[in-house]
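Below: one structure, written as structure tokens.
Protein chains: 2
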Amino acid sequence: MTTDLPTIQQNFVESLSQISRFWGFPKGMGAIFGVLYLSPAPLSLDELVEQTGLTKGAISTEVRSLARIGLVHRSTKLGDRKDYYEAETDFYAAIRSILKERQNSEFDRAIRSVRETLSILEAGAGSNGPEWQFTLERVRALQEFFDAIDSLNNAVIKLEKLGFVNVQRILGVLK
Amino acid sequence: MTTDLPTIQQNFVESLSQISRFWGFPKGMGAIFGVLYLSPAPLSLDELVEQTGLTKGAISTEVRSLARIGLVHRSTKLGDRKDYYEAETDFYAAIRSILKERQNSEFDRAIRSVRETLSILEAGAGSNGPEWQFTLERVRALQEFFDAIDSLNNAVIKLEKLGFVNVQRILGVLK
DNA sequence: TACTATGTTTAGTAATTACTAAACATAGTA
DNA sequence: TACTATGTTTAGTAATTACTAAACATAGTA
């Protein structure tokens, strides 16, 4: 069992890399966030280069993605020409930002396309046969599922206001 | 606006491919599921080859992945040597199965690793300085967030029993 | 102005993943 | 037994993605 801090930190960063990769982000993104998250003070680009082993270019672009989804914030110090980066610690805020960002994503375009398909099918329901009806039913069922998931997404956002303990209580109702 | 059924179906399958890709699965997987989902009867491997444009090999392996996560079921007919595949229509059942499957995944290994890190940090909290303490706080906060998300996953599973309408009502409480 | 410290973009490479084509395995049938 | 219809595995290719190295841009300083 390892008990020296640097090794522990390194393991943690490694875990975040894995998680990042699992969700389809570059593992470097997870590493950058991990390093920043464990740093008591904001870090410069060069410090990130040193601590993650990535090159300046990679850090530059990935840190921008992280900032775009709100997981990292960029700041500057007066009389210092470096940029400094620090991790968002309010994950609910970050999630809210990610979901907002997602509005324009390929994912949402696809979801919207399913919804449109459903409209077309509904519009033509009267003047078409059982095959059409079958397709309508299936697409509708999927759409309802998407809506349910979406409600849960909204719930995640609301968690922020409630706090974890209250959520546990509410979820208890579901038992 | 397109209103012939084959085109509508094709669009739908295309959308599912996109969604599949977005979640880090091969887009072929989404296409296979889409075709099966819109088919009133189970389809054979050769029919899937025809309708998706993929090769036998690809279908063979991807349909196995889909079966493993419970989104597709394989069946046979007496006196027919083909396998037939059909889509799971109970998405909640599928999600339950996916979450179960996830237990062994890279993702969960990483999550567990964070939890172990937290234990080590907690164990050493008494005999270490403020740096250690800082790391402990941060890792703990992340762990709590993971736990909250996990509660929501469980909630998704429970949705099945409640139905969509009730869920909407419960989520209303959160407003 | 030239120089320096910084961050960004770009062109290319390495690594990964999805997929194809074809060999292979197997169970059933003549 | 040889043959056929099926599904699987394998070796390789195509496509995609993550990343590097280095050129570039720019704001500040001497």
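Read top to bottom, the protein sequences are chains W and R. Here the first sequence is numbered in this note's numbering, starting from 1 and rising by one per residue. Here the second sequence is numbered in this note's numbering, starting from 1001 and rising by one per residue. Each residue gets a CB set at the ideal place from its N, CA and C atoms; glycine is no exception.
Could you tell me the distance, in whole angstroms, from the CA atom of residue i to the CA atom of residue j?
i	j	result
G53 (chain W)	L1136 (chain R)	24 Å
F1025 (chain R)	I1019 (chain R)	9 Å
A1141 (chain R)	I69 (chain W)	19 Å
A123 (chain W)	T1007 (chain R)	16 Å
S1097 (chain R)	E1106 (chain R)	16 Å
L38 (chain W)	S15 (chain W)	13 Å
L152 (chain W)	R81 (chain W)	43 Å
P1130 (chain R)	S65 (chain W)	32 Å
A125 (chain W)	A94 (chain W)	42 Å
A1110 (chain R)	L1118 (chain R)	13 Å
R21 (chain W)	I1059 (chain R)	25 Å
L1043 (chain R)	T1089 (chain R)	15 Å
D1150 (chain R)	V13 (chain W)	21 Å
Y84 (chain W)	L71 (chain W)	14 Å
D1046 (chain R)	G1057 (chain R)	11 Å
D1004 (chain R)	S1075 (chain R)	31 Å
Q10 (chain W)	A148 (chain W)	38 Å
F91 (chain W)	N1128 (chain R)	27 Å
R1115 (chain R)	L121 (chain W)	48 Å
A1031 (chain R)	S1017 (chain R)	5 Å
F1145 (chain R)	R1138 (chain R)	11 Å
E1218 (chain R)	G1028 (chain R)	Examination of residue 1218 (chain R) is not possible in this model, given that chain R is present from 1001 through 1175 alone.
A1067 (chain R)	G1034 (chain R)	14 Å
So with CB distances below 7 Å, who are the chain R contacts of residue i?
i	result
S65 (chain W)	Per Cβ cutoff of 7 Å: no residues; S65 (chain W) is ~16 Å from chain R at best.
S75 (chain W)	The premise fails here: S75 (chain W) is roughly 19 Å from chain R at the closest Cβ pair, so nothing lies under 7 Å.
A141 (chain W)	T1089
T52 (chain W)	What T52 (chain W) touches in chain R: nothing, since even the nearest Cβ is about 17 Å away.
Who are the neighbours of residue i on chain R, taking C-beta pairs under 9 Å?
i	result
S44 (chain W)	Going along chain R, no residue has its Cβ under 9 Å from S44 (chain W), so there is no contact; the nearest lies around 19 Å.
I19 (chain W)	E1106, F1107, A1110, I1111, V1114
Looking at chain W, is there any beta carbon in it that lies within less than 7 Å of the beta carbon of residue i?
i	result
L1038 (chain R)	yes
G1024 (chain R)	yes
F1033 (chain R)	no
F1146 (chain R)	no
G1124 (chain R)	yes
T1061 (chain R)	no
Note down, in chain order, every chain W residue with its Cβ under 8 Å from the Cβ of residue i.
i	result
T1117 (chain R)	I8, N11, F12, S15
A1093 (chain R)	Neighbours of A1093 (chain R) on chain W: none; closest Cβ ~11 Å, over 8 Å.
R1138 (chain R)	Y37, L38, T89
Can you name the residues of chain W whose CB is closer than 9 Å to the CB of residue i?
i	result
D1086 (chain R)	Checking the sequence shown, residue 1086 (chain R) turns out to be Glu, not Asp. Simply none; closest approach about 12 Å.
Can you pull the chain R residues whose beta carbon is under 8 Å from the beta carbon of residue i, in chain order?
i	result
E131 (chain W)	L1005, P1040
So is residue i in contact with chain R if we call contact Cβ pairs under 7 Å?
i	result
T55 (chain W)	no
Margin query: Extract the residue ranges of the alpha helix (DSSP H) inside the segment 1005-1051 of chain R, only unbroken runs of 4 or more that lie entirely within it.
Written below: 1005-1022, 1027-1037
Checklist line | Runs of beta strand (DSSP E) wholly within the segment 70-156 of chain W (minimum 3 residues, chain order) | finding: 72-76, 83-87
Notebook entry, point to check: Is the segment 40-52 of chain W close to the segment 100-114 of chain W, with three or more CB pairs under 8 Å?
Noted result: no
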